[in-house]
Amino acid sequence: MIAWLRSGFSTRRSRQGLWGVPLVIAVAMVLAQSLGTGQFATRENLFNLVAQAMPLLIAAIGQLFVILVGGLDLSVGSVISFSTAILSLDGPSVVLVPAVFVLAALVGGINGLVITRMGVHPIIATLAMQYILLGITRILRPTSGGKVPDIVIAAVQGSVLGIPLPVIWGLAVIGLAAKVLYGSRFGLHLFGIGGGVAAGMEDAARNHGIRVQRNVILAYVACSLFAALAGVFLAGRIVSGDPNVGLLFELDSITAAAIGGTQLSGGVGSLHGTVLGAIVLALLANGMNLANVSPFVQTAIKGGLLLAIVGLQSRKKMGL
Amino acid sequence: MFDGEPAYLIEMQAISKAFGPACVLRDVTLRLRPGSVHALMGENGAGKSTLMKILAGVHRSDAGQILKDGQPLHLPSPRAALTAGISTVFQELSLLPNLTIAENMFLGREPLTRRGGPDRRRMRAETAAALAELDLKLDPDQLVSTLTIAERQFVEIAHGIKADASVLILDEPTAALNAADVEVLNRSIRRLRDAGRAIVYISHRMDEIFAICDEVTVLKDGQYVGTRAISDVTQHELISMMVGRELSDLFPARAAGRGKPVLELSGFRVTARAKPFDLTLHQGEILGLAGLEGQGQSRIMRALIGRHKPAGGALRLLGKGLGFPGAAGGIRQMARLGLGFVPEDRKEEGLMLGLSVAANLVIGLHAEKPAFTPARSLKQVVQRMTDALRIRTASPTTPVAALSGGNQQKVLLGRYLARDVRVLVIEEPTRGVDIGAKSEIYALLRSFVQEGGAVLVTSRETVELIGLCDRLAVVHGDTVVAELPAAEATEHSILTAALTTEGAAA
Chain H
166 MIAWLRSGFS TRRSRQGLWG VPLVIAVAMV LAQSLGTGQF ATRENLFNLV
216 AQAMPLLIAA IGQLFVILVG GLDLSVGSVI SFSTAILSLD GPSVVLVPAV
266 FVLAALVGGI NGLVITRMGV HPIIATLAMQ YILLGITRIL RPTSGGKVPD
316 IVIAAVQGSV LGIPLPVIWG LAVIGLAAKV LYGSRFGLHL FGIGGGVAAG
366 MEDAARNHGI RVQRNVILAY VACSLFAALA GVFLAGRIVS GDPNVGLLFE
416 LDSITAAAIG GTQLSGGVGS LHGTVLGAIV LALLANGMNL ANVSPFVQTA
466 IKGGLLLAIV GLQSRKKMGL
Chain Z
44 MFDGEPAYLI EMQAISKAFG PACVLRDVTL RLRPGSVHAL MGENGAGKST
94 LMKILAGVHR SDAGQILKDG QPLHLPSPRA ALTAGISTVF QELSLLPNLT
144 IAENMFLGRE PLTRRGGPDR RRMRAETAAA LAELDLKLDP DQLVSTLTIA
194 ERQFVEIAHG IKADASVLIL DEPTAALNAA DVEVLNRSIR RLRDAGRAIV
244 YISHRMDEIF AICDEVTVLK DGQYVGTRAI SDVTQHELIS MMVGRELSDL
294 FPARAAGRGK PVLELSGFRV TARAKPFDLT LHQGEILGLA GLEGQGQSRI
344 MRALIGRHKP AGGALRLLGK GLGFPGAAGG IRQMARLGLG FVPEDRKEEG
394 LMLGLSVAAN LVIGLHAEKP AFTPARSLKQ VVQRMTDALR IRTASPTTPV
444 AALSGGNQQK VLLGRYLARD VRVLVIEEPT RGVDIGAKSE IYALLRSFVQ
494 EGGAVLVTSR ETVELIGLCD RLAVVHGDTV VAELPAAEAT EHSILTAALT
544 TEGAAA
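In order, the protein sequences belong to chains H and Z. According to our numbering, the first sequence is numbered sequentially starting from 166. According to our numbering, the second sequence is numbered sequentially starting from 44.
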């Protein structure tokens, strides 16, 4: 336990990245905000905080999957908007909800295929997908509107035994991701592939008999599925479809992963770090909202925080 | 029972392979018997690694077929080879640094728990057992990035051995191992052989080949030379099979005389504690810094080219006094005066591996011009150097990384020769270079000094210094303790000179 905690602060002997830094910052923010304002520790504000943080948290977990293999997904924001647009179409929920995930899997599959088979750089491939999907979303739903199925709204806004459903969903998503990343061969292979990329040994994973292309494609599929889930979540909150609701989610999700100690070169990062990264961003927004800081200033501060935290982390590779 | 036909586990028949226009294997045959260790020998670039990568499923052959137990075997991927029971320890380390030893050992074929996840407990236990077999005291949960190179090499070997393979390919497994480690490895190899496995053993170290192998197949320039039983062949026969000529032809004749001094060190002190010394390099001669490893040969070299500041002394280069060496303009000024420095680690310090042969050759010429001068392609220069140095490359635009070690070294030398340097300072001129290319590099250096150049050289291989140089300066304790004519020097006389001179151990 102590060794594990220490690994969050040391670059040397861990592939989890420096998740101790966001942990310290998150704790400091919670302390500062509870002491600074009486409104923070209220039940209402805390649940609101979780509900606010959830879409970014889910999207960032998806982003973690592709960053671990040395990739990047810039189409996350468009997938989110696209998902809300699909849900706001006229149709029965038994069709719309599965359709969101099927289409997202398709998007992720195309991203992965273009990157692995055509050899397009992940930034270009997913940037193109971002534009394409944004265009389609605006055709489907030019402006915010439509009505999201009631079941989605109930699933996001309801509560069980006094616990709001977002908290339960959040834990379920984190549990699922933990199972996939740490409790499956697929997860281990993602780390292996990324470790090879980061160390400049692209063939190493393949030489071990790992199906590299298939696993990379699956990582992009997973990323899009998480993004779609974030989209469903947002749709339940805003109750309608919105072509702009996913705006900047691709960048915020990368920010959350990076703050959480995930290295963009691949192979180094952790689920708990990424969750902490998303929480730090949510706490930052929450605190500044309570303090009436203008959204423009908030954005600038977010950039500064990203730079400060990643700058603090040694960029040294895994001691190679 | 047997009808005289020997039973082969693996037969590679008439294998050919080309990368673009460069044909690396032509009609090569390799037959492996169960329960035997088969050496695969040849110079660097002879095609050994390519042949093994075909057997490991990394590359696909253009022609020929592979039989296992007489049945044709199709190997489209490393995974297919593993499934077929062919396991490889690659020359390049292929362990993933961010995974633990246990994870690396089982990567791609992890045992599963009943819940479907990797069975880490079993991986840990079996890894610990495999490491113990090799006398390794390593924690299976240690990340590979925390291991030393030799430890990684052993883990790599354990990885290959542990796979339930009938064929085990060891591609230079001992490159990073010391003698004691090699003995541990040999024990394991014998055990595997006795268990009926077929083992391919690639190594440049003759003593190992004769200690552990049963048969040897020699390749030369991508072609099959022959297969012999180790008991029927001598070291000299093997070398002539590999090179196509005798060892004594390796070194060119020495210079008849020498010209005026080109590089003069006086009162030179590498560190404050070292004794000052004088050293003069003349036109038309090759001067070697000999001595025990790590006694300051490399420090003297690096101080003299301005990499670090010596404690004292003066330097004259081609008649021009430079005071403290390198103090004024460093390597750039010395380069302008006509000195070239060829570093030991050509991959880290010398070549730009991703750039083409042509770019690496002419970059020295460009470096002399202002930064915004348009870079001409200098095609004739490239052509002239490629021909003169006999650099074997598919085309001038091939990345240097794709060349064999010997050809890479020739490109690096070519960079300075293209620039008309007068003095070459060379560390380890033939490190990681095979015998054939070594001899070509020696001839190149000799003809360079015959045309009025001068060479100062260090090498860990004393035999190389004795054969190549005209004169040896014996270095001990960061200073020159003796000078010997190379023609009369022996390894013994160099050692004696190094260790018996007073004041050497300063």
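For every residue, glycine included, the Cβ atom is placed at its ideal position computed from N, Cα and C.
Does the distance from the CB of residue i to the CB of residue j come in under 8 Å?
| i | j | result |
| --- | --- | --- |
| H/G242 | H/F391 | no |
| Z/G334 | Z/A541 | yes |
| Z/T323 | Z/E307 | yes |
| H/A363 | H/G431 | yes |
| H/S253 | H/P408 | no |
| Z/R297 | Z/D513 | yes |
| H/A320 | H/L336 | no |
| H/I339 | H/V440 | yes |
| Z/K303 | Z/M285 | no |
Rounding to the nearest angstrom, what Cα-Cα distance links residue i and residue j in this structure?
| i | j | result |
| --- | --- | --- |
| Z/A238 | Z/D112 | 17 Å |
| Z/A201 | Z/R122 | 18 Å |
| Z/L456 | H/L221 | 56 Å |
| H/V231 | H/M219 | 19 Å |
| H/N213 | H/Q463 | 19 Å |
| Z/G393 | Z/T473 | 14 Å |
| H/K482 | Z/T191 | Note on H/K482: pLDDT 44, under 50, position unreliable in the model; the coordinate value appears next. So the alpha carbons of these two residues sit roughly 16 Å apart. |
| H/V345 | H/A370 | 19 Å |
| Z/G496 | Z/A61 | 39 Å |
| Z/R167 | Z/D184 | 7 Å |
| H/S435 | H/C388 | 15 Å |
| Z/V210 | Z/R233 | 14 Å |
| H/V281 | Z/P119 | Residue identity check: residue 281 of chain H is Thr in the sequence provided, not Val. So the alpha carbons of these two residues sit roughly 18 Å apart. |
| H/I316 | H/S405 | 13 Å |
| Z/I58 | H/A264 | 51 Å |
| Z/V225 | Z/M148 | 21 Å |
| H/I318 | Z/S104 | 59 Å |
| Z/A124 | Z/G151 | 13 Å |
| H/S161 | H/V272 | Outside the modelled stretch of chain H, which goes from 166 to 485, sits residue 161 of chain H, for which no answer is possible. |
| Z/V261 | Z/S130 | 21 Å |
| Z/Q196 | H/N372 | 16 Å |
| Z/E194 | Z/L220 | 9 Å |
| Z/P140 | Z/E153 | 18 Å |
| H/E209 | H/I382 | 41 Å |
State buried or exposed for residue i, treating a residue as buried only when at least 16 other CB atoms are found within 10 Å of its CB.
| i | result |
| --- | --- |
| H/P187 | buried |
| Z/A529 | buried |
| H/L485 | In this prediction, H/L485 has a pLDDT of 32, which is less than 50 and means its spatial position is unreliable; nothing more can be read from the coordinates. |
| H/S240 | buried |
| H/G449 | Position check: residue 449 of chain H holds Leu in this sequence, whereas Gly was assumed. Buried, by the Cβ-count rule. |
| H/T427 | buried |
| Z/Y485 | buried |
| H/V259 | exposed |
| Z/R157 | exposed |
| Z/L399 | Residue identity check: residue 399 of chain Z is Ser in the sequence provided, not Leu. So Z/S399 counts as buried. |
| Z/F415 | exposed |
| Z/K453 | buried |
| Z/V101 | buried |
By Cβ distance below 6 Å, which residues in the same chain neighbour residue i in space, the five residues on each side in sequence not counted?
| i | result |
| --- | --- |
| Z/L213 | V132 and Y244 |
To which residues of the same chain is residue i closer than 7 Å at the C-beta, ignoring the five residues directly before and after it?
| i | result |
| --- | --- |
| H/L268 | I251 |
| Z/G397 | P442 and A444 |
| H/I333 | V325 |
| Z/L235 | I204, L211 and I242 |
| Z/Q108 | Q56 and P115 |
| Z/G381 | L361, V464, R465 and V466 |
Leaving out the 5 sequence neighbours to the left and right, which residues in its chain are closer than 8 Å to residue i when beta-carbon positions are compared?
| i | result |
| --- | --- |
| Z/V313 | G339, R342, I343, A346, P353, A354, D521 and T522 |
| Z/V424 | L404, V405, L408 and A461 |
| Z/A208 | L125, G128, I129, S130 and R240 |
- With 7 Å as the limit, tell me which residues of the stretch 335 to 362 of chain H have their beta carbon closer than that to any beta carbon of chain Z; keep them in chain order. Listed in sequence order: G348, S349, R350, L353, F356, G357, G360 and G361.
- Members of the stretch 102 to 122 of chain Z that neighbour chain H once the beta carbon cut-off is set at 9 Å: So the close ones are S120, P121 and R122.
- Message: Counting only Cβ-Cβ distances shorter than 8 Å, please list the residues of the stretch 425 to 443 of chain H near chain Z, keeping chain order.
- Response: So the list reads G432 and V433, given in the order they occur along the chain.
- Check each residue of the stretch 154 to 180 of chain Z: if its Cβ is closer than 8 Å to any Cβ of chain H, include it; give the result in chain order. Those would be L155, R158, G159, G160 and P161, in chain order.
- Query: For the stretch 366 to 392 of chain H, which residues have a beta carbon sitting closer than 9 Å to at least one beta carbon of chain Z?
  - Reply: Going along the stretch 366 to 392 of chain H in chain order, one finds M366, D368, A369, A370, R371, N372, H373, G374, I375 and R376 with a Cβ nearer than 9 Å to chain Z.
- Query: Which of the residues in the stretch 260 to 283 of chain H, read from start to end, lie with their CB under 7 Å from any CB of chain Z?
  - Reply: Per Cβ criterion, the list is empty.
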